[in-house]
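First the structure, in the form of structure tokens, and then the observations on it.
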DNA sequence: TAAAAATAATTACAATCTAGAATGATTGTC
DNA sequence: GACAATCATTCTAGATTGTAATTATTTTTA
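Protein chains in written order, with the working numbering: chain A, 1 to 177; chain B, 1001 to 1177.
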């Protein structure tokens, strides 16, 4: 592709048309990092927090189903579930009808953890949105939601960028512009 | 948003207060992934594209200076610069005054590459902003810029989240909410 | 019903990547 | 001139991930 003819580029007239995409990537990385810190304070990694939340929202799913929603490989979930199960936060329940898979459920302790993570998420949201007025927040929230919907991103699902065809993964590296 | 059954919450009254932070992370990951695909088509990884752009913007900097701006370890730049230098896109010039460091400059081929990457970035921007009207784009761009400024993010720099104190890096994994 | 294919979870292995500490060359300071 | 500091580089250990192989169970096929 690389369509865009755009031969004429001026010297450096300040902010360019290339703005929204970069700002989204920049702020997204920042927000994810900040949340990572809060999650760490609560004793969880972001993947763990995401997994707990997904099970909380829809209990009883198999690991395959969850892996599909997360865009992760099923084998990646094994260690994740192991760790949280050993900490007594969730449990694998045998499915009596199909004993190949497990149904994942939160324990009481897991629900308590979700409460803590929920508070952390609320504090995180408040901190991120802090520079904006309530009216601006509503405005921004609406625009972002429309943008996400327009690109087919599902409301509750955070698709870590995965399996790109390119010669190198995207990685959180130096980034783009 | 980690809803947490908190006391007063109704069934499922749609979008919650915890919105902006998650949408930013979600859209940011999406935008970064999309850009990664375009960069790959042009023959570059996102880190490479970011490095080229930084040198293009401010030629003659040392690797340490660039590493500081990118939030990367200096040792990480070595391989990156090596690869681009072997492809003839940039060159290490000896600093006659201080022969410890190199001054990084683009070659003509490097500038051509920047043109291609600039077109890719423009196409990317257009694709990301596509769902919004011109007026909405201006609105969103302004809100995001204010948000970024409010959090001390510098205009052209993309701070990949780095060295978190927590037990586990954030990583692009299953994500949060 | 027996055999073969498919599916879920797991394990094993290889490839990649990164952080961090050493190394060598050069410069600045006292 | 000796010592500390700086820049680029190399090296090594550790972590992370993707792919393929393994085991148990179910479904399909002959």
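Where is the CB? At the ideal position from N, CA and C, for every residue including glycine.
Residues of chain A with CB under 8 Å from residue 1150 of chain B, in chain order? 130, 131 and 132
Alpha carbon to alpha carbon, how far is residue 1062 of chain B from residue 1044 of chain B? 22 Å
If the cut is a Cβ gap below 7 Å, which residues of chain B does residue 136 of chain A touch? 1143
Interface positions of the region 1027-1045 of chain B facing chain A (Cβ-Cβ less than 9 Å), listed along the chain: 1027, 1028, 1029, 1030, 1031, 1032, 1033, 1034, 1035, 1036, 1037, 1038, 1039, 1040, 1041, 1042, 1043, 1044 and 1045
Three-state secondary structure assigned by DSSP to residue 89 of chain A: coil
For the alpha helix (DSSP H) containing residue 1124 of chain B, list its first residue and its last residue. 1108-1129
Which residue or residues does DSSP assign as beta-bridge partners of residue 1104 of chain B? B/1092
Alpha carbon to alpha carbon, how far is residue 153 of chain A from residue 1053 of chain B? 29 Å
Nearest neighbour of residue 132 of chain A, chosen from B/1128, B/1117 and B/1150 [CA to CA]: B/1150
Residue 1034 of chain B classed as buried or exposed, judged by whether at least 16 other C-beta atoms fall within 10 angstroms: buried
Is it right to say residue 46 of chain A is buried, meaning 16 or more other beta carbons lie within 10 angstroms of its own, or is it exposed? buried
Would you mind stating whether residue 1049 of chain B and residue 1039 of chain B have Cβ atoms separated by less than 8 Å? yes
Check for me: the alpha helix (DSSP H) holding residue 1135 of chain B runs from which residue to which? 1134-1150
To the nearest angstrom, how far is the alpha carbon of residue 1056 of chain B from that of residue 1064 of chain B? 16 Å
Thinking C-beta only, is residue 20 of chain A closer than 8 Å to residue 1129 of chain B? yes
Starting from residue 1157 of chain B, trace the alpha helix (DSSP H) in both directions and tell me its first and last residue. Counting along the chain, residue 1157 of chain B falls outside any alpha helix (DSSP H), and DSSP gives it neither H nor E.
Alpha carbon to alpha carbon, what distance is there between residue 94 of chain A and residue 23 of chain A? 46 Å
Rounding to the nearest angstrom, what Cα-Cα distance links residue 118 of chain A and residue 105 of chain A in this structure? 18 Å
With DSSP collapsed to three states, give me the class of residue 1037 of chain B. helix
C-alpha distance - residue 156 of chain A paired with residue 67 of chain A, whole-angstrom precision: 14 Å
Rounded to whole angstroms, what is the Cα-Cα separation between residue 1175 of chain B and residue 70 of chain A? Residue confidence for residue 1175 of chain B is low, a pLDDT of 34 falling below 50, so the modelled location carries little weight and cannot support an answer.
Would you mind reading off the limits of the alpha helix (DSSP H) that contains residue 48 of chain A? 46-57
Whole-angstrom distance between residue 141 of chain A and residue 165 of chain A, CA atom to CA atom: Here residue 165 of chain A scores only 29 on pLDDT, less than 50, and its place in the model is too uncertain to base an answer on.
Proximal chain B residues relative to residue 139 of chain A, where beta-carbon distance stays under 9 Å: 1139, 1140 and 1143
Take the Cβ of residue 179 of chain A as the centre, count every other Cβ of all protein chains shown within 10 Å, and call the residue buried at 16 or more, exposed below. Outside the modelled stretch of chain A, which goes from 1 to 177, sits residue 179 of chain A, for which no answer is possible.
For residue 1120 of chain B, count neighbouring Cβ atoms within 10 angstroms of its own Cβ and tell me buried if that reaches 16, exposed if not. buried
Residue 1072 of chain B vs residue 1089 of chain B beta-carbon contact at 8 Å: no
Under 9 Å from the C-beta of residue 1055 of chain B: neighbouring residues of chain A: Residues of chain A passing the Cβ test: none, with the nearest at roughly 11 Å.
Have a look at residue 1031 of chain B and residue 96 of chain A and give me their C-alpha separation to the nearest angstrom. 42 Å
Cβ-Cβ separation, residue 28 of chain A to residue 1029 of chain B (assumed contact under 8 Å), whole Å: 6 Å
If we ignore side chains and look at the alpha-carbon of each, how far apart do residue 6 of chain A and residue 101 of chain A end up? Below a pLDDT of 50, predicted positions are generally treated as unreliable, and residue 6 of chain A, at 36, falls in that range; no measurement from the model is reported.
How would you label residue 99 of chain A, buried or exposed, when you count the other beta carbons within 10 angstroms and need 16 or more for buried? exposed
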